[in-house]
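Asker: Residue numbers for the sequence shown follow the UniProt record's numbering, so the first one is 1 and each next one is one higher. Here a beta-carbon is modelled for each residue, glycine too, at the ideal position from N, C-alpha and C. Since we're looking at a predicted model, the values are computed, not measured. Handing you this structure, nothing more for now.
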Amino acid sequence: MTTADKRFAFKLYLFLAALFITSLVVSNLIFQKFFYWKPFGDVTIFGASLFEVSVGILPYPITFLITDLISEMYGRKKANQVVTAGIFASFFSMGIVLLANYVPAIEGSPVQDDTFNHVFALSPIAVLASMIAYLLAQYIDVAIYHFWKNVTKGKHLWLRNNFSTFLSQFIDTFVVVGLLCIFKVLPWSLFKGLVISGFIFKIIIAFLDTPFLYFCVYLCRKRFKLKVGEEIVFDY
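Structure (structure tokens):
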């Protein structure tokens, strides 16, 4: 690769990292609103309605798509660096929100304390559960992705993309719901239903994002003239 190619590759890496961190932080800020998606009608699983999930789940799958793309094009080390940066950004943003909740609003403020606290009153247990699950899931996703990449010798992109995401998303859902039940934020009666419902939703999203991963990898390989399985290396 030429020096110009390496510089462009580095800028692309920074852009992907920024998109990853933004998606992660936003998912933690908006997770208290829930919505429903009922393509199969009113279906319940172990007492929980299918696909009644937090809006935080909408940007969250993007983070797994980006880590898979970075893993494919830049390697395991660069993917793990982005995951670690995401953890830092999440805790930092939560700290800012908690500080904003603490300081009092003036009388003429367009948003008063009650409204702000009602929207952004983050549950420490919920945030902790989300962060622990995220940490486990993302590092496992990267590790499994590269395991299958080595096994397939860089071929069968769909296999490593989906197999790594399936397991990591299950771990993420299981740990989050489990911790919320342990700390009595949610009742144990909903545990199975919420885990299954959340996992199925994430699996559907994982299938849908596979063509996007193929398209992005194709563009990167064409731009940087890479062979199948070859990774971008820069010293920045």
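Per DSSP, what kind of secondary structure is phenylalanine 31 in: helix, strand or coil?
Answerer: Stepping through the sequence shown from its first residue, residue 31 is reached at position 31. Three-state result, phenylalanine 31: coil.
Asker: If we call anything under 8 Å between Cβ atoms a contact, is valine 151 one with phenylalanine 120?
Answerer: In the sequence shown, residue 151 corresponds to position 151, counting from 1. In the sequence shown, residue 120 corresponds to position 120, counting from 1. No, these two residues do not count as a Cβ contact at 8 Å.
Asker: Within 8 Å, do at least three Cβ pairs link the segment 82-102 to the segment 52-60?
Answerer: no
Asker: Below 7 Å CB to CB, which residues in the same chain sit around threonine 210 once its five sequence neighbours on both sides are set aside?
Answerer: Translated into the one-based positions of the sequence shown, residue 210 becomes position 210. Same-chain partners within the cutoff: Trp158, Asn161 and Asn162.
Asker: How many angstroms separate the CA atom of valine 127 from the CA atom of leucine 167?
Answerer: Working through the sequence shown from its first residue, we reach residue 127 at position 127. Working through the sequence shown from its first residue, we reach residue 167 at position 167. About 22 Å.
Asker: Which whole-angstrom value is the C-beta distance of isoleucine 204 and isoleucine 45, which I expect to be below 8 Å?
Answerer: If you number the sequence shown from 1, residue 204 lands on position 204. If you number the sequence shown from 1, residue 45 lands on position 45. 15 Å between Cβ atoms; not a contact.
Asker: Note down, in chain order, each residue of its chain lying with its Cβ closer than 7 Å to the Cβ of tyrosine 74, except the 5 sequence neighbours on either side.
Answerer: Position 74 of the sequence shown, counting from 1, holds the residue named residue 74. These residues qualify, in order along the chain: Tyr13, Glu231 and Ile232.
Asker: From the DSSP output, which residues share a beta bridge with tyrosine 214?
Answerer: By one-based count along the sequence shown, residue 214 stands at place 214. DSSP output for tyrosine 214 lists no bridge partner at all.
Asker: For a cutoff of 8 Å on Cβ pairs, would you count leucine 24 as touching chain C?
Answerer: You won't find chain C in this structure, because it holds only one protein chain.
Asker: Can you tell me whether leucine 208 is buried or exposed, with buried defined as 16 or more other CB within 10 angstroms of its CB?
Answerer: Numbered from 1 along the sequence shown, position 208 holds the residue referred to as residue 208. Per the 10 Å Cβ criterion, exposed.
Asker: Report the three-state DSSP secondary structure of threonine 84 (helix, strand or coil).
Answerer: Taking the first residue of the sequence shown as 1, we reach residue 84 at position 84. Helix, per DSSP.
Asker: Where proline 110 and phenylalanine 116 are concerned, what is the direct C-alpha to C-alpha distance, given to the nearest angstrom?
Answerer: Residue numbering aside, residue 110 sits at position 110 when the sequence shown is read from its first letter. Residue numbering aside, residue 116 sits at position 116 when the sequence shown is read from its first letter. Roughly 10 Å between the two C-alpha positions.
Asker: In chain order, which continuous runs of the beta strand (DSSP E) of length 3 or greater are located wholly inside the segment 36-116?
Answerer: Whole beta strand (DSSP E) segments, 3+ residues: 52-54.
Asker: Can you look up phenylalanine 183 in the DSSP assignment and give me helix, strand or coil?
Answerer: Along the sequence shown, read from residue 1 onward, the residue named residue 183 stands at position 183. Looking at phenylalanine 183 - three-state DSSP - the assignment turns out to be coil, as it is neither helix nor strand.
Asker: Ordered along the chain, which non-local residues of its own chain (more than five positions away) have a Cβ less than 7 Å from that of valine 79?
Answerer: Within the sequence shown, the letter at position 79 stands for residue 79. The question names valine, but residue 79 is alanine in the sequence shown. So the list reads Thr67, Ile70, Ser71 and Val142, once near-sequence residues are dropped.
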